[in-house]
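**Q** Structure provided below as structure tokens; questions to follow.
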Amino acid sequence: MSAEIKTFAAAVGFLDDMQMHKIKLGLDAIRTTLAGLGSPERACPAVHVAGTNGKGSVCSMLQSVMSAAGYRTGLYTSPHLSSIRERFRIDDAFIREDEFVAMMERVRSGLNGRTITYFECATAVAFTWFAERECDLVVIETGMGGRLDATNVLEPLLTVITTISRDHEQYLGDTIAAVAYEKAGIIKPRIPLISGVADDEAREVIEKRCSAMQAELIQAGVDFKVTETAAGRWCWQDRYPDTVMVENLHLPAGGGWQAANAACAVAAAVSLRAQRFIVSDEAIRTGLANSNWPGRMELLEIAETREHSSVVHRFLLDGAHNRAGIDYLMTALENQYSYRRLFLVWASMADKSYEEMLSQVARMADYVLLTRPDRERSAGCEELAAVLAATPGTVCFSCHERVEDTLVAVREKARAEDLIVVAGSLYLVGAFRKLLVGEVVV
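Sequential numbering of the sequence shown, starting at 4, is according to this note's numbering.
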């Protein structure tokens, strides 16, 4: 049995050691672990959110709205950009180091020497912390899929599925229908589902699951929508505009591309009104405007003082790492951002099908800088370079083994009127963001 955890470093080390246990989808281990902790997952009302893309943004928006409404609202998301503490939040505060130590020790001692995965352990920490802090509501993001995800031990008030596209094929299947089946596994008997899914094949799977579970299906584009009414202002309405309409909404960073995510978040907040939560239109407006989701279509303007002058560089950080995410990014670059030259900083995980994505987005760039975050799963620069070498047309690029060297190089090349896009991997975005502005958690 491992030693008692007394420091933050020891707690992080204990969790990191669990990465040697491969991803293992299934609920037996997490159920046994939580039962030994007193079933903390049952302590707080919950909203459970799944989806290929957008689920983190929806979770962040909904948590911000419910906090603005006056409820102590917990948020559990993954992965983190640079600190494990980012995954655990109540209202505006991340879990403190001493709280993380205490929760991790409680989980460790409850294991009695049994082994669980990294994500199962983090999930147990989240539920235990939220229960101890007596949250009024918790917003829980799935890690991968849904049906066999460790978070799927909840008995939520509401479920949300944002989008469905192909990702994690080795675990979730290589068809849209297979992925939809896994994510639809969070749908519970007689518990409403908010769905932002647009794909017809995926929608059919979800509709069948909702019918089998007698779960009310509240579908984007059918039961609710969000429309732009003026520059930067949006209106949410359900299928009966005379019944529910929330006007004058200002979306968080990213603007229009976040409209679909905001629509689902507002639909969830409105649905919670039927669950005895008091959520005013003003709380929805305030919560959306204050929502912050670092590293996802995040625009940073960073001033750099040089020998005889100062220049402000624009960095667009986006953790896009699958086909749908890259499509969103490319559409935004075409329609929402102006620049003279486009610089692309790119890294990929080796277990991702990155070749087509890199080739396509690289053709939009004037210059590509390839790098490798400090992760075993990262694809090597020479592998990424081979993709660009085979890309039709002339793609100018350079390779940098260290993220720090990549930042130095792109700053030397880019000017104030240029745009620097950092994408392909959340690990890259986390490392790059830390160099630019420091930790998310301070």
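Cβ coordinates follow ideal geometry from the N, Cα and C atoms, glycine included.
Treat the numbers as computed from the prediction; the structure is a model and nothing was measured.
1) Return the chain-ordered list of same chain residues with a C-beta closer than 8 Å to the C-beta of Leu391, the five sequence neighbours on each side being excluded.
2) Please work out which residues of its chain come closer than 8 Å, Cβ to Cβ, to Ala266, disregarding the five sequence neighbours upstream and downstream, and give them in chain order.
3) For Trp132, does the three-state DSSP call read helix, strand or coil?
4) Touch check for the segment 280–297 and the segment 52–72: three-plus C-beta pairs under 8 Å?
5) Only counting the same chain, and skipping five residues up and downstream in sequence, which positions put a Cβ closer than 8 Å to that of Leu30?
6) Taking 7 Å as the threshold (C-beta atoms), are Ser351 and Tyr342 in contact?
7) Under the rule that 16 or more other beta-carbon atoms within 10 Å means buried, what is Thr334, buried or exposed?
8) Pull up the distance between the alpha-carbon of Ala353 and that of Ala72, whole angstroms please.
9) Take Lys281 as the anchor and find which of Asp139, Val406 and Ser428 has the nearest alpha-carbon.
10) Which first and last residues belong to the alpha helix (DSSP H) in which Ile329 is found?
11) Helix or strand or just coil, what does DSSP make of Cys138?
12) Below 8 Å, how does it come out for the segment 34–47 and the segment 90–108: are there three or more Cβ pairs, yes or no?
13) Quick one: Cα of Val182 to Cα of Lys211, how far?
14) Could you tell me which whole alpha helix (DSSP H) segments of length 4 or greater appear in the segment 19–81?
15) CB-CB under 6 Å to Phe11, same chain, minus the five flanking residues each way: which ones, in chain order?
16) Let me know the secondary structure DSSP gives Arg405 once reduced to three states.
17) Compute the distance between the beta-carbons of Ala270 and Ile209, then report whether it is under 7 Å.
18) Which word fits Val314, buried or exposed, when buried means at least 16 other C-beta atoms lie within 10 angstroms of its C-beta?
19) If I measure Cβ to Cβ from Ala129 and keep anything under 6 Å in the same chain, skipping five residues before and after, which residues do I get?
20) Could you give the uninterrupted runs of the alpha helix (DSSP H) lying entirely in the segment 193–237, keeping only those of 4 residues or more?
21) Please name the residue or residues paired with His316 in a DSSP beta bridge.
22) Between the C-alpha atoms of Ala205 and Lys186, what's the straight-line distance to the nearest angstrom?
23) For Glu310, does the three-state DSSP call read helix, strand or coil?
24) Tell me, to the nearest whole angstrom, how far the beta carbon of Trp296 is from that of Ser63; I am working on the premise that it is less than 8 Å.
25) Rounded to a whole number of angstroms, what is the C-alpha to C-alpha distance between Asp94 and Lys416?
26) In this structure, does DSSP put Ser356 in helix, strand or coil?
27) Quick one: what does DSSP say Ala426 is sitting in, helix, strand or coil?
28) Could you please give the first and the last residue of the uninterrupted beta strand (DSSP E) stretch that includes Ile93?
29) Nearest CA to the CA of Arg326: which residue from Tyr121, Glu207, Ala426 and Ile8?
30) For Gly322 versus Arg299, is the C-beta spacing smaller than 7 Å?
31) Keeping to the same chain, check which residues put their C-beta closer than 6 Å to that of Met216; ignore five residues upstream and five downstream.
32) Between Ala382 and Arg375, what straight-line distance do the alpha-carbon atoms span, to the nearest angstrom?
33) What does the alpha-carbon distance come out to for the pair Ala388 and Leu320?
34) Cβ of Ile164 within 7 Å of Cβ of Gly235?
35) I think Ile423 touches His316, with their Cβ atoms under 8 Å apart; what is that distance to the nearest whole Å?
**A** In short:
1) Leu361, Ser362, Ala365, Val371, Leu373, Val398 and Phe400
2) Gly199, Ala223, Phe227, Lys228, Val229 and Trp239
3) helix
4) yes
5) Leu151, Ala153, Asn155 and Val156
6) no
7) exposed
8) 43 Å
9) What sits at residue 281 in the sequence shown is Ile, not Lys. Minimum Cα distance to Ile281 is reached at Asp139.
10) Arg326 to Asn338
11) coil
12) no
13) 14 Å
14) 31–39 and 58–71
15) Glu100 and Val104
16) coil
17) no
18) exposed
19) Tyr79 and Phe91
20) 203–216
21) Ile305
22) 10 Å
23) coil
24) 4 Å
25) 40 Å
26) coil
27) strand
28) Phe91 to Ile93
29) Ala426
30) yes
31) Ile190 and Pro192
32) 7 Å
33) 21 Å
34) no
35) 6 Å
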